[in-house]
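Step one of this worksheet: look at the structure below.
Chains as they are written, first to last, in my numbering: chain A, 618 to 714; chain B, 9 to 440.
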């Protein structure tokens, strides 16, 4: 499945799993509207999480946009947006090859 | 009249493992914790042995979420501070609750830390990432993990301390400075209780090299790793490092008695002096070191006749050993032939920033057991190092009420603490 075929839910579940394993949290405590503050994830841990997601999805998340994300759902949406944008940019190049 | 400052909790992480009991058992059994260093390539250094807790697993003590954010020296410091807090009769979360009275209490609890190197295991890993993979591969925790004050920070955060926080860098005397400052803060009522101690984790390629360049480390570690640290022995040739941490929980005597705490001992005296002699060498005459001992004894109201034992700094650097032996002679005068001298750290290495706090913990245990641990590897005293050394076997003594603990950093940064047995045990800790 390519990123363009992933559903919004797929990406949310993926981000949630990364958070669960990185911060030893209960997955049932994390919903789309759950905030980083509610999970006691501080600013440095958010940078750590961002770097992990970048590796996982093969993308680069703009720092300023990451900072505006208050909830897990917002971060998952940003991951999806950036991933789709990157995949769309790559598609013409792939067709040319 | 100033309040007496007492120690009501202790915690320690030593190369043997976690806890004061384990440390004491191993010392009394005469087991060396020194061994060849295998956790990193030691090709570039001469001192290829040390006191390393080789099977330490952070997950046995700390949540993985926390452990990945901090260096090994902070882990040791936090574990030792938690032990000290619990030993003093408190639960580790007793200052973390959010009600007003707890917040006010937390603002009156402080921490002082001795450290020398900082967290180089963490820093070296991240520097390798920087050069090999680029800046985005550096851990975001680097900024808060590597520096010497990281221990102070993590203890404050995890235990909820909101009072004084200070870190002292004075080589092997760092921990003594931290304990001295904590006692002063308590005497002038800048705090109601203080954590004081030190932490060190010196076993990574660059950290070990930092010590090597001082030219003060032992060179015989390759031939006899377990016996390389030989304070005052004729074959002494320098320091052997160890890793770990120790923390004391200290408070004013009246507060300790009021809450029914177990009092290990009074920290009765303290003093520091400097040789002002050389960047790395201590002054051969030992005069300023002797002054530190005399000043600490005077502050404690203790005469040489009342001193039951000296825990020497015992660096095993030949010139320092001779200088310290001379200092002990000057400070104790005619009592010199009576007072036993021991250097228990010869069994597990010099913990640098944590060296004195560990010595204090061992001193308190020695007082409890009325037993002096031996200076291992002291077979034949070097010339000018003849003292009433406790060698080979632990020594039971009828009286062990006053112990003088010496500390000395590079270039003659001298410190001395005097411990005096406190009132007999009261009912025991009452919790927070």
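Built from N, CA and C at the ideal position, the CB exists for glycine as well.
A quick note: this is a predicted structure, and the numbers were derived from the prediction, not measured.
Against chain B, a Cβ distance below 9 Å from residue 661/A picks out 77, 148, 149, 151 and 152. For the C-beta of residue 73/B, the chain A residues within less than 7 Å are, from N- to C-terminus, 640 and 641. Secondary structure note for residue 652/A: it is in no alpha helix (DSSP H), with a DSSP letter that is neither H nor E. Within chain A, no residue has its CB atom less than 7 Å from the CB of residue 267/B, the nearest being about 32 Å off. Taking a beta-carbon distance threshold of 8 Å, residue 144/B counts as an interface residue toward chain A. Just measuring C-alpha positions, the residue of 71/B, 308/B, 169/B and 398/B sitting nearest residue 201/B is 169/B. At a cut-off of 8 Å between C-beta atoms, residue 665/A counts as an interface residue with respect to chain B.
Going by C-alpha positions, residue 708/A is about 10 Å away from residue 702/A. DSSP lists 396/B as the beta-bridge partner residues of residue 348/B. Spanning the alpha carbons of residue 339/B and residue 138/B requires a straight line of approximately 52 Å. Not one beta carbon of chain B lies nearer than 8 Å to the beta carbon of residue 678/A. Looking at 364/B, 348/B and 408/B, the one whose alpha-carbon comes closest to that of residue 376/B is 408/B.
Under the Cβ criterion of 8 Å, residue 668/A is counted among the residues facing chain B. The C-beta distance from residue 75/B to residue 253/B rounds to 15 Å, too long to meet the 8 Å contact threshold.
Residues of the same chain with a CB within less than 6 Å of the CB of residue 228/B, apart from the 5 flanking positions on each side, are 236 and 245 in chain order. At the C-beta level, residue 41/B and residue 34/B come within 8 Å of one another.
The Cβ neighbour count for residue 217/B, taken over all protein chains shown within 10 Å, is under 16; the residue is labelled exposed. Judged by pairs of C-beta atoms under 8 Å, the stretch 389-404 of chain B touches the stretch 326-333 of chain B, as three or more such pairs exist. Closest in alpha carbon position to residue 314/B, among 348/B, 120/B, 121/B and 63/B, is 348/B. Counting only residues of its own chain and dropping the five nearest sequence neighbours on each side, residue 124/B has a CB closer than 7 Å to the CB of 177, 179, 182, 208, 360 and 361.
Looking at the DSSP output, residue 247/B sits in a beta bridge with 225/B. Comparing alpha carbon positions, the residue from 423/B, 321/B, 304/B and 317/B closest to residue 411/B is 317/B. A direct Cα-Cα distance of roughly 41 Å separates residue 101/B from residue 220/B. Beyond the five residues adjoining it in sequence on each side, residue 186/B comes within less than 8 Å, by CB distance, of 120, 121, 122, 174, 175, 176, 204, 205, 206 and 365 in the same chain, given in chain order.
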